[in-house]
Amino acid sequence: MALIDEKKVKQKKSQIKSKKRKAVQYDHTVLDILPYKEILDDDSALIVGTDNSYYQIFKVITHALNLSNQEEKNRLMMRFANFNRLMDSDYKIISTLFHIDNSPQKQYWTQKVNQAKNAQQRKYAMEQLLVLNRVEDDPSQKNQEHFLVINAKSKENMRNLVETLYRSHNGMIEPQGLSVQKKEQLIFRLNNQNTTR
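In UniProt numbering, the protein residues as written are 1 to 197.
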């Protein structure tokens, strides 16, 4: 008979290992994983990355290739190829679905309801508001939106890159600046892809 029972030793070792596993805690948040840390409050609303690089996001106007004839498709492809030649920096094109936001139209028609001079005008404005509410509440109604993301190491490089972008797009992608709120919405959407809004 042995002085030490091997079963008890194995049980004790497994208990110690399980306690060690339980003691390890991870306090990671999404902020530890995201590649950016803030959006600047100046006119450019640049996004600052965790490596102190700068990102800028533009909304891109697209062309319906399904509705174009072959000559138009060839012309658009040539324009895009020229854009790629002139744009020497890396960029990303992101496409995502956004829920329809028609709040400016709703504000307009609410104002028309309040300014209505007779019942017919009020009824028409109320009908328009009802249609806008139905469209906004319908989960199947979404907008496909496209964005171009460029990055640079410094603000000066970003300024030069934005100038190059505006000079070289030649009507192909037509970049449009985004507000801070829209950038926040896009970042939220990219990091929470299962959300309905």
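Even glycine gets a Cβ: it sits at the ideal position worked out from N, Cα and C. A quick note: this is a predicted structure, and the numbers were derived from the prediction, not measured.
So, with DSSP's three-state summary, where would you put residue i?
i	result
I4	coil
E38	strand
N118	coil
I100	coil
S68	coil
Q141	coil
Here's the rule: buried if 16 or more other CB atoms are within 10 angstroms of the residue's CB, otherwise exposed. What is residue i?
i	result
L86	exposed
K73	exposed
M172	buried
K183	buried
M77	exposed
Given a cut-off of 8 Å on the beta-carbon distance, is the pair residue i and residue j in contact?
i	j	result
K142	F98	yes
N170	R75	no
V60	Y54	no
S89	I150	yes
I57	L161	no
Just to confirm, does residue i get its C-beta within under 7 Å of one of the non-hydrogen atoms of the ligand GDP?
i	result
L130	This structure lacks the ligand GDP, and indeed carries no ligand of any kind.
Can you check which of these residues, the options, is closest to residue i by C-alpha distance?
i	options	result
residue 236	E136, K37, F83, E184	Outside the displayed span of the chain (1 to 197) sits residue 236, for which this structure offers no information.
Q144	A45, D43, A64	A64
S168	D5, P104, K12, A81	A81
D101	T62, Q181, A45, Y91	Q181
Determine whether the Cβ of residue i lies closer than 8 Å to any Cβ atom of chain B.
i	result
Y55	In the structure shown, chain B does not exist; there is a single protein chain.
Check your understanding: Counting pairs of beta carbons, one from the segment 89-105 and one from the segment 184-193, are three or more of them closer than 8 Å?
Key -> yes
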